[in-house]
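Q:
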Ligand code: ADP
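Residue numbers (the working numbering): 88 to 267.
(1) Could you check how far apart the C-beta atoms of residue 216 and residue 176 are, in whole angstroms? I think they sit under 8 Å.
(2) Evaluate the contact criterion for the region 191 to 202 versus the region 231 to 241: three or more CB pairs, one atom per stretch, below 8 Å.
(3) Assuming residue 258 and residue 97 make a contact with CB atoms under 8 Å, what is their CB distance in whole Å?
(4) Counting only the same chain and skipping the five closest in sequence on each side, list residues whose C-beta sits under 6 Å from that of residue 208.
(5) Determine the contact status of residue 150 and residue 157, defining contact as a CB-CB distance below 8 Å.
(6) Quick one: measure Cβ to Cβ for residue 211 and residue 252, integer angstroms, because I've assumed they're closer than 8 Å.
(7) Nearest to residue 128 by alpha carbon, out of 196, 105, 141?
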């Protein structure tokens with residue numbers, strides 16, 4: 088699915104984020120930047136051990152929930168990895184929506200600051216962190232569209248969804264948010 092937003096494009100694809108030829112990919116990291124399972128494990132496995140060495144050296148205190156930090160991308164085709172820390176779902180009344188939106192925005196600001204024309208996101212928080220899929224999809228799509236409308240960049244934002252159910256949730260979110 089492709090949506091034009093002025094000079095920018097929003098894409099939803101089903102696939103593996105480690106395979107994306109974009110300027111930056113986003114990792115769904117934990118606040119210790121310690122690596123883990125899910126998309127985090129896949130990125131470190133494909134990108135190599137240099138990424139963890141770099142984040143440990145640059146960010147010894149980790150990264151707060153709702154923020155994102157930058158590293159190079161090791162063996163991956165991307166130039167950068169933005170390690171975003173989404174919230175763990177605790178029922179939705181403990182700031183989770185704001186934290187998820189703020190992690191997403193932090194990545195989009197990093198993209199602009201590092202002159203990235205293209206960025207790929209996974210479904211941050213919607214796996215092990217338990218954020219309800221439809222709510223996470225709505226939040227990430229709305230946050231991205233608001234950002235892109237305001238800043239008119241980055242030129243390409245691609246959501247890379249691992250399975251069909253996740254892709255479907257994001258497609259529904261786009262239908263809800265984009266005026267047609
Ligand atoms: P979190 O801990 O933030 O919930 P997870 O990695 O557990 O992060 O899950 C986030 C999403 O990433 C889930 O939808 C999961 O299916 C998906 N995912 C796992 N591996 C990959 C991958 N290689 N590329 C893209 N998405 C992936």
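Using N, Cα and C, we set each Cβ at its ideal position, and we do this for glycine too.
A: On the basis of the coordinates in this document:
(1) Here the question's residue 216 lines up with position 129 in the chain shown. Here the question's residue 176 lines up with position 89 in the chain shown. So it is a contact: roughly 6 Å between Cβ atoms.
(2) Taking 8 Å as the limit for Cβ pairs, the verdict is that the region 231 to 241 does touch the region 191 to 202.
(3) As a working note, residue 258 is residue 171 in the chain shown. As a working note, residue 97 is residue 10 in the chain shown. Contact doesn't hold; Cβ gap of about 11 Å is too wide.
(4) The residue you call residue 208 lines up with position 121 of the chain shown. Excluding residues within five positions, the ones whose Cβ falls inside 6 Å are 113, 246.
(5) Your numbering for residue 150 matches position 63 in the chain shown. Your numbering for residue 157 matches position 70 in the chain shown. It is not a contact, given that the beta carbons lie outside the stated cut-off.
(6) What you label residue 211 is simply residue 124 of the chain shown in a count that begins at 1. What you label residue 252 is simply residue 165 of the chain shown in a count that begins at 1. Incorrect: roughly 16 Å between the Cβ atoms, too far for contact.
(7) As a first step, residue 128 is located in the chain shown; it is residue number 41 there, counting from the start. The shortest Cα separation from residue 128 among 196, 105, 141 belongs to 105.
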